[in-house]
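Following: one structure in structure tokens, then a few remarks.
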Amino acid sequence: MKYNSLIWAFLFSLPLFAWLPAIASSITSSSKITIVDDGAKNASFVKFRSQLLSAVKQRDKKFLQEATADDIKTGLGAATGWHALNEQWHNLSPDSSFWSRLERALKHAAHFDKESGEYEAPAIVFDPADGEKIEAAIWDKNSILRKSPSDSSKALRLLDCQLVTVLKPGDPAPIKAEWVEVKTRDGKTGFVKSANLLSPYDEYATFKKVKGKWRMTWFGVAGL
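Under numbering that gives the first Met the number 0, the first residue of the sequence shown carries the number 0, and numbering increases by one thereafter.
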């Protein structure tokens with residue numbers, strides 16, 4: 000599980016089951032990332048995820064409740080259960096941001112945690128930060144780095160699945176602003192759409208089989 004101890008579970012040139020310290024070492028020397036979808040290897044999970052994603056797009060609260068564990072966790076140290084999830088996300092109304100936040104997590108692969116037997120979406124696991132900067136992942140290919148926070152601003156370069164440092168907003172919280180100021184590993188600064196980026200403070204979901212059926216067991220932020 001991610002919770003307090005977060006580690007980037009991206010693969011670089013290392014074998015899939017390389018030791019963790021070796022993975023961490025690679026992260027410090029390269030900004031490129033490759034996201035591997037463990038969920039695609041499990042047919043029943045693929046079916047469940049597809050159905051859940053369709054329900055999310057339709058704002059189908061009934062299906063969501065059926066797909067949610069009775070004791071779902073809504074954050075580290077937060078209340079649990081369906082009622083708590085409703086309270087936290089404005090009664091899961093059609094215009095609640097819950098739907099778009101879960102959708103973005105579901106669309107970016109899932110990492111399988113052998114210890115817990117859960118799938119974690121998106122397929123990103125973070126290591127403890129150094130406290131001075133927020134590392135984030137550009138998870139969409141060909142994301143445009145712009146000079147200023149505007150679609151009409153000059154395009155500086157394309158960012159292609161890589162790590163960046165978040166400059167603004169710098170708060171340890173989910174990023175809700177449309178634009179994020181970032182700095183690349185080679186020192187280039189600019190702005191990217193927040194939809195193209197994942198920070199360690201954004202929400203994620205976990206899924207596990209409960210009595211033979213897939214259920215969402217967590218949706219919320221990790222809480223560092």
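The beta-carbon is built from N, C-alpha and C at its ideal position, and this holds for glycine as well.
Worksheet item: From ALA136 to VAL163, what does the alpha carbon distance come to, in whole angstroms?
Response: 6 Å
Practice prompt. Please name the residue in ASP112, LEU51, VAL179 whose C-alpha comes closest to that of SER198.
Written response: VAL179
Practice prompt. Counting only runs of 4+ residues fully inside the region 30-95, write out the alpha helix (DSSP H) ranges in chain order.
Written response: 42-56, 60-65, 81-87
Discussion item. With three or more C-beta pairs closer than 8 Å as the rule, is the region 97-109 touching the region 45-56?
Written reply: yes
Practice prompt. Would you mind working out which of ILE32, HIS89, LEU155, HIS107 sits nearest THR295, comparing C-alpha positions?
Written response: In the structure as shown, the chain starts at 0 and stops at 223, and residue 295 therefore has no counterpart that could be examined.
Worksheet item: Which of helix, strand or coil does DSSP assign to ALA176?
Response: coil
Fill in: For ARG214 and HIS110, the rounded distance between their alpha carbons
16 Å
Worksheet item: By how many angstroms is the C-alpha of TRP98 removed from the C-alpha of ASN41?
Response: 24 Å
Worksheet item: Are the region 106-122 and the region 142-152 in contact at 8 Å, needing three or more beta carbon pairs?
Response: no
Worksheet item: When every heavy atom of the ligand ADP is checked, does at least one fall within less than 6 Å of the C-beta of LEU101?
Response: In the structure shown, the ligand ADP is absent, as is every other ligand, since no ligand is present at all.
Discussion item. In this structure, how does DSSP classify ARG262 when only helix, strand and coil are distinguished?
Written reply: Nothing in the structure corresponds to residue 262, since the chain is present only between 0 and 223.
Worksheet entry | Those residues which DSSP pairs with HIS164 across a bridge | As written in the sequence, residue 164 is Thr, which differs from the His given in the question. Answer is GLU134, LYS182, bridged to THR164.
Discussion item. Below 8 Å on the Cβ atoms is my contact criterion, and I expect GLY38 with ALA108 to pass it. Report the Cβ-Cβ distance as a whole number of Å.
Written reply: 7 Å
Worksheet item: Counting only beta-carbon atoms, is ASP201 nearer than 7 Å to chain B?
Response: Annotation note: the requested chain B is absent from the structure, which comprises a single protein chain.
Worksheet item: Who are the near neighbours of LYS72 in its chain, counting only those whose CB is closer than 6 Å to its CB and skipping five residues on each side?
Response: THR79, TRP217
Worksheet entry | Under 7 Å between C-beta atoms of PRO171 and TYR200 | yes
Worksheet item: Which residues bound the beta strand (DSSP E) around ALA108?
Response: Element bounds for ALA108: n/a, residue is neither H nor E.
Fill in: From LYS106, ILE133, LYS132, residue whose alpha carbon lies closest to that of ALA120
LYS106
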